[in-house]
Amino acid sequence: MTAVPLPYRVTANRPESADTRTIELQPVAEALPVFAPGQFAMVYAFGVGDIPVSVAGIDGSALTHTIRGVGATSRALCAVRAGTQVGVRGPFGTGWDLPSAAGRDLIIVAGGIGLAPLRPLVREALSAPGTYGRLNVLVGARTPADLLYRSELDGWGHPYCGVTVDRAGPEWTGNVGVVTALLDQAAFDPHDTTAFACGPEVMIRAAARELLHRGVPAQHIRISLERNMHCATGHCGHCQLGPLLLCRDGPVVAYDRAKPLLTVREL
Amino acid sequence: MASATAPPAAGDTACVLDRDGMGALVRELRARGRTVIGPTVRDDAIVLAKLESAEELPYGWGVEHEAGYYRVRRRPDGAAFAHSAGPQSWKSFLHPERVRQWAADRGPDGEMTVRPERDEPPSFAFLGVRPCDLRAIQIQDRVMIGGPHRDATYGARRGGAFLIVVECTEPGATCFCVSMDTGPAARPGYDLALTEVVDEAGHRFLARAGTDEGAEILAALPRRPADDLTRTRAREDVEAAAGRMGRTMPEVDLRALLAGTLDAERWNDVAARCLTCGNCTMACPTCFCTTTEDVTDLTGDHAERWRRWESCYDLDFTHLPGGSVRGSGRSRYRQWLTHKLGTWWDQFDSSGCVGCGRCIVWCPVGIDITEEAHALHQESLDGQAGTEDGRP
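First to last, the sequence lines map onto chains P and C.
So the first sequence is numbered by our numbering: it starts at 31 and just counts up by one.
So the second sequence is numbered by our numbering: it starts at 3 and just counts up by one.
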C-alpha cells in the first residue's frame with residue numbers, strides 16, 4: 031500500500047538518547063511488502079502527519095524505526111505508547127543493495143541518526159559470513175550520550191568497528207573528532223571496496239572525499255540522502271535534487287551521480 | 003481519451019458543424035451524462051467553467067496578452083475560440099487544487115481504521131482544449147499515472163474525460179508552442195478535433211474524430227460533409243498561426259542549456275525581480291507539486307488527509323530540520339526553470355513546458371520564461387567565447 035497507510039501496532043518504544051527513540055511495529059492485519067535495507071516508510075502519527083523514516087530493522091513483517099524528535103510528527107511518533115497504533119505506507123525508494131557488493135570489502139560510515147538506515151545493512155552483512163570481504167563500521171555521534179544501539183555496536187565490525195564523538199566529558203576514553211578520521215584504522219582494499227554512508231550531508235561529502243582520496247571509486251560509494259517529502263510516490267515534487275526525485279531515485283544514490291548535485295549550493 | 007481504441011483516419015469523419023452544430027454537440031455530451039467544461043467569459047477573463055449550453059462560449063471575445071498583462075476584448079468576427087490561454091488550465095479539473103485522500107478513525111482501544119477517499123468525479127468533456135494544453139494533460143498523465151505509483155484522484159478524473167481539441171488560429175503575444183513543438187495544430191490524443199473558420203462563407207467548425215466515441219458523437223450531430231474550402235481555410239489558418247507566435251525559445255537543447263548554467267549570473271538578475279509568489283506555478287498547466295494537510299475533528303479521533311497544490315517558490319517547500327534547502331529567491335526561481343525546461347526530462351522523459359505563455363502573463367512583475375532562457379543562452383555563449391579567447 032503506497033497511497034493509504036496500513037495500521038501497525040506499536041510493540042515497543044525504547045529510548046536511544048535524549049531526543050531519539052526506537053519503536054517496533056507489527057502489522058495489525060495486512061502487512062506491507064518486505065522492506066529492503068536502505069528503503070523507507072512513511073509513518074503516520076494519528077491526526078498529526080506522516081514522515082519518511084528509514085527502516086532500522088526488518089524482521090519479516092515487523093519493522094523497527096529509530097526516530098529523532100525534531101518536528102511535530104517525529105515528536106508524536108517518539109511519544110507513541112506500546113499497544114497503540116500508527117499508520118505505515120511503503121516500502122519506498124532504493125535500497126543499499128548489499129548483495130551487489132559480494133566479495134568486496136565493506137566500509138560503513140554513519141553520523142548521528144544516519145546510523146539507523148545502516149543498521150539493517152550491518153545485520154545483513156553479519157548474517158552472511160564469507161559472502162563479503164572485511165566489514166568496517168565507522169560511527170560518529172555528537173556526544174557519547176547520543177550514540178545509538180550502544181549494546182549492539184561491539185559485535186558489528188570484523189575487523190573494525192570504530193566510534194568517535196564530537197564532544198565528550200572526562201568519562202569518555204574513546205575517540206574524539208570527525209568520523210572520517212577513523213578511516214585510518216579501517217582495513218580495506220580501496221579498489222575492491224564498496225562504501226555506504228549516511229548522516230549529515232556535510233559528513234557524507236567529507237566521507238566521500240576521503241574515500242575517493244584513498245582510491246575507492248565514486249560508483250562504489252553509496253550514500254543515503256534526505257529531502258523534504260510528502261507523498262513518497264513521486265507526485266508531490268518536494269524531494270527533488272536536480273534531476274533526482276529522491277523518493278524514487280533515492281534515498282540511496284551512487285556518489286558518481288550525487289557528487290555534481292551536492293556541490294551546487296541550494297540545489 | 004475516453005476510448006483506447008485506435009483512432010480512425012481523420013478523413014473518415016471530417017465534417018463541418020455550424021454554430022447550431024456546436025450547440026448540438028454540447029447538448030449531446032450532456033445527454034450522455036457528461037459534465038461539459040469549456041471557456042466562458044467571467045470576471046473580465048476567459049475562464050474554464052461548467053457549461054450548460056454552447057451559448058456560454060466566449061463568442062465574440064478575444065484576449066490581449068503581454069508579460070504581466072491580460073485583458074479581454076471584443077472581436078468583430080464572433081469567433082468562440084480565437085483566444086489563447088486564460089488564467090486556469092485543465093489541471094484544475096484533473097488534479098484539483100484541494101482533495102481529501104483518506105480519512106482515519108481511532109477507536110476506544112487505539113485501533114485505527116483508514117478509509118480511502120471514494121472519489122466519484124463527474125464524467126468530464128473538455129471543450130476547447132488547445133493543442134498546447136493537450137500536451138500539458140499528456141505531461142501530467144506521465145507524472146500522476148505514468149509511473150509505478152498511480153494517483154487515484156487524477157486517474158479517476160482523467161480516465162473518463164472526453165477531450166475536444168480546438169486547433170489554435172489566434173496565438174497570443176506570449177505564445178511559443180511552435181518552439182516547444184506542441185501546436186498550433188492538433189496532435190494525437192483527442193476524441194474530437196475542431197478548427198474554427200470564420201470567413202465570407204460563414205462561421206463554422208471543421209470537425210474530425212480521433213476515437214470511436216468521437217465518431218459516434220459526430221454522427222449524432224447536424225453536420226455536413228467537409229468541403230474543400232473549409233478544409234483549405236482551416237489548414238491555412240493553423241499554418242498562419244504557427245508564423246504568428248509572440249515569443250520563441252532559443253533554438254538550442256534547452257535541457258543541456260539548463261544543466262550547464264546552474265551557476266549563471268543571470269539567476270541573480272531574475273532573483274532581483276522575482277517576488278517568489280508562485281503565480282507561475284499555479285497558472286502553469288503542468289506544475290503538479292502538492293503538500294499535505296492533516297486535520298482532526300474536535301474529539302481528536304477522526305482525522306483526514308488532504309492534499310493541496312503547493313509551489314516550489316514557498317520557503318517551506320524544502321524544509322528540513324536544519325532549515326530550508328532553497329532559502330534564496332535565486333535558488334527557487336532556478337529550481338522552477340531548470341525543472342520545467344531541463345530536469346523534467348530526467349524525471350519524466352519530456353519537457354515540462356508546452357509554450358502556453360501563462361507564466362509570462364500571470365507573473366505580477368512580467369518575468370518572461372523565454373527571455374530568461376535567451377539570457378542564459380547568451381551568457382553560456384559569452385562564457386564559451388571567453389574560454390576560446392583564453393580568458394577565464
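Virtual Cβ for every residue (Gly too), placed ideally from N, Cα, C.
Just so we're clear, the structure is a prediction, and the values are computed from it rather than from any experiment.
Residue i (DSSP reduced to helix, strand or coil)
i, result
"A375/C", "helix"
"A154/C", "helix"
"P227/C", "strand"
"L292/P", "helix"
"S353/C", "coil"
"V58/P", "coil"
"P89/C", "coil"
"E182/P", "helix"
"W338/C", "helix"
"S125/C", "strand"
"V206/P", "strand"
"I81/P", "strand"
"P394/C", "Because P394/C sits at a pLDDT of 41, beneath the cut-off of 50, its placement in the model cannot be relied upon, and the point is left open."
"R172/P", "coil"
"T278/C", "coil"
Where the alpha helix (DSSP H) containing residue i begins and where it ends
i, result
"P118/C", "Taken as a continuous stretch (DSSP letters only), P118/C belongs to no alpha helix (DSSP H), being part of the beta strand (DSSP E) at 114 to 118."
"A146/P", "145 to 156"
"Q349/C", "346 to 350"
"A47/C", "Not the alpha helix (DSSP H): A47/C falls in the beta strand (DSSP E), residues 47 to 52."
"R239/P", "231 to 243"
"D79/C", "Unbroken run through D79/C: none, as it is neither H nor E."
"L259/C", "256 to 261"
"A106/P", "102 to 108"
"V180/C", "179 to 182"
Beta strand (DSSP E) segment containing residue i, residue limits
i, result
"C17/C", "17 to 20"
"R75/C", "71 to 76"
"D271/C", "Per DSSP, D271/C belongs to no beta strand (DSSP E); it is in the alpha helix (DSSP H), 268 to 275."
"V116/P", "115 to 122"
"Q103/C", "100 to 108"
Contact list for residue i against chain A, beta-carbon separation under 7 angstroms
i, result
"V78/P", "Considering every chain present, this structure includes no chain A. Its protein chains are P and C."
Min CB distance residue i to chain P below 8 angstroms
i, result
"W104/C", "yes"
"T288/C", "no"
"A175/C", "no"
"T301/C", "no"
"D153/C", "yes"
"V145/C", "yes"
"T263/C", "no"
"A305/C", "yes"
"R160/C", "no"
"G149/C", "yes"
"G157/C", "no"
"T171/C", "no"
"T278/C", "no"
"G204/C", "no"
"S382/C", "no"
"G385/C", "no"
"C291/C", "yes"
Sheet register partners of residue i (DSSP bridge)
i, result
"D296/C", "R307/C"
"H95/P", "I53/P"
"G40/C", "A51/C"
"C228/P", "A140/P, S254/P"
"P37/P", "G117/P"
"A42/P", "E54/P"
"L271/P", "L274/P"
Residue i at chain C interface by Cβ criterion, 8 angstroms
i, result
"E60/P", "no"
"E182/P", "no"
"N258/P", "yes"
"E296/P", "yes"
"L309/P", "This structure cannot settle anything about residue 309/P, because the visible part of chain P is limited to 31 through 297."
"A33/P", "yes"
"T50/P", "no"
According to a CB-to-CB cut-off of less than 9 angstroms, which residues of the stretch 308 to 330 of chain C neighbour chain P? Here the close residues are R309, E312, C314, D318, F319, T320, H321, L322, P323, G324, S326, V327, R328, G329, S330.
Could you name the residues of the stretch 114 to 137 of chain C whose beta carbon sits closer than 7 angstroms to any beta carbon of chain P, in the order they occur along the chain? Hits within the stretch, in order: M114, V116, P118.
Which of the residues in the stretch 136 to 153 of chain P, read from start to end, lie with their CB under 7 angstroms from any CB of chain C? Within the stretch 136 to 153 of chain P, no residue qualifies.
Between the stretch 343 to 369 of chain C and chain P, which residues of the former have CB atoms less than 7 angstroms from a CB of the latter, in chain order? For the stretch 343 to 369 of chain C, the beta-carbon criterion of a distance under 7 angstroms to any beta-carbon of chain P is satisfied by T345, D348, Q349.
Give me the subset of the stretch 86 to 102 of chain P whose CB atoms are less than 9 angstroms from a CB atom of chain C, sorted by chain position. Within the stretch 86 to 102 of chain P, the qualifying residues are R98, V100, G101.
Name the residues in the stretch 71 to 97 of chain C whose C-beta lies less than 8 angstroms from a C-beta of chain P; which are they? Here the close residues number zero.
Got a sec: which bits of the stretch 203 to 227 of chain P sit with their beta carbon under 9 angstroms from any beta carbon on chain C, in order along the chain? Against chain C - using a Cβ distance shorter than 9 angstroms - the stretch 203 to 227 of chain P contributes no residues.
Please identify, using Cβ separations under 7 angstroms, the residues of the stretch 52 to 68 of chain C that lie next to chain P, in order along the chain. Contacts with chain P (Cβ-Cβ distance below 7 angstroms) from the stretch 52 to 68 of chain C involve no residue at all.
Give me the subset of the stretch 112 to 126 of chain P whose CB atoms are less than 8 angstroms from a CB atom of chain C, sorted by chain position. The residues in question are G113, T114, Q115, V116, G117.
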